[in-house]
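Per our numbering, the sequence shown starts with residue 28, numbered consecutively.
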Amino acid sequence: MTLDPADDGSPRALSKKTSGQIEAKGRFVMGTTQRSAPTVAVAVDGSGQGLGALRFAIDEARARGTGVRMVHVLDRDDTGQIMDPYMTEACVAAPDVEFDWRFGRGPLADELVAAAGAGDLLVLGQTTPWSPERPGVSAVITEVAAHTAAALVVVPADWRARHHHRIVVGVKSCANAGGLLARAFAEASARGAALEIVHACDTADRAAVARVDARRGDRHRSEGRTLDALVRDWSDVFPGVAVETSFTHGQPARVLIDAATDADLLMIARHQRHLARLGPTPRAVLGASDIPVEVVPLTGAPTPAPLVLTRSGTILKN
């Protein structure tokens, strides 16, 4: 199914719709209005590289019971297509999801950051062709990931849902892991997925090795004990989520990518001190992963697990 021929999907045709809506066959409705409630924003550029990102955004919007905001940043005198036929078909095939548009005309990364609020999810397509020999991530993605207040998911262009019901979470600093674990447990609970929490220790980093015993899986050092305690606290809040914690030595990006081979999502954190840039491990993961990667922004404030009460009112965690 395609758009009505009179509405060719170009910015010029869209601007003629004073009502802000374009209707296609079925129940595909798009508007130019902006939402005040949190939504799922996805970048659309008409190249076809964003098809996987659009599919992911539709799945997420359906799971969250919200809509999809399609974001297109106009080039100078931009009158070309902004939706290829496959992307249009993906939207038409989701009659239960509402779509709207946001147009921008400025620096691409700035416009994408502005398109998503702090409570939103921003989805971008990985436009750099991935290969084991030449992994890479675009400058726009790294800039957006370093600055957006929204959670960001970067999705391969050819992504399709696989539903392994498994999420891998990479933890670097246990002291700042509360916000990442809060997001990961909530996501796993919503998806009905199991969690694997991976703490990768780079053997080239002597300070990191000192925090975790050189023997694989040893939890007797303070870093391991801290992470185990955090995981137990969040497990009490989400008792239905199966969780496993692993301590692994090796190059962190490679460890995480290998651990996420059969996962639906890989989650990593962007720490507050990296507000002006993206750290080397997140950049390497985004450039080499062939599954969706979510970059969770951390505020730097502690995020303890909430108190859990028994039916009798007894506090399990204090």
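Backbone N, C-alpha and C fix where the C-beta goes; we use that ideal spot for every residue, glycine too.
A70 and M110 have their alpha carbons spaced roughly 11 Å apart.
Burial of A88 is indicated by the presence of at least 16 other C-beta atoms within 10 angstroms of its C-beta. Restricting attention to L293, D229, G133 and A256, the CA atom closest to the CA of A215 is found in L293. When V95, V322, A280 and P333 are compared, the shortest CA-CA separation from A315 is found for A280. Within the same chain, Cβ atoms closer than 8 Å to the Cβ of H192 are found at R218, G219, A220, A221 and D291, the five residues on either side in sequence being excluded. When the Cα atoms are used, D127 and R259 turn out to be separated by approximately 41 Å. Counting only residues of its own chain and dropping the five nearest sequence neighbours on each side, T253 has a CB closer than 6 Å to the CB of C201.
V196 is positioned such that its CB atom lies no closer than 8 Å to that of L179. The C-alpha of M114 lies about 37 Å from the C-alpha of A227. Straight across, the Cα-Cα distance linking R210 with R129 is about 27 Å. Fully enclosed beta strand (DSSP E) runs of no fewer than 3 residues occupy 178-183 and 193-198 of the region 163-222, in order along the chain.
For the pair A286 and V225, the CB atoms are nearer than the 8 Å cut-off.
Within the same chain, D291 come within 7 Å of R189 by CB-CB distance, once the 5 residues on both sides are set aside. The residues G205, G206 and A209, in chain order, have a CB closer than 6 Å to that of T330 in the same chain once the five nearest residues on each side in sequence are set aside. Taking the Cβ atoms as the reference, T175 lies roughly 6 Å from L149, within the contact range of under 8 Å. Boundaries of the alpha helix (DSSP H) around L81: L78 to R91. In the displayed model, D263 falls within a helix according to three-state DSSP. Exposure of T326 is indicated by the presence of fewer than 16 other C-beta atoms within 10 angstroms of its C-beta.
Pairing V98 with L139 gives a Cβ-Cβ distance under 8 Å. Burial state of T66 is buried, judged by a 10 Å Cβ sphere holding 16 or more other Cβ atoms.
In the structure shown, P307 adopts helical secondary structure according to DSSP, grouped into three states. For E271, the enclosing beta strand (DSSP E) has its first and last residue at V270 to H276. In the DSSP assignment, V140 falls within the alpha helix (DSSP H) that extends over L135 to A142. Each of I194, L283 and D185 was checked against the Cα of D229, and the nearest Cα belongs to L283.
Between D86 and P183, the C-beta spacing is not below 8 Å.
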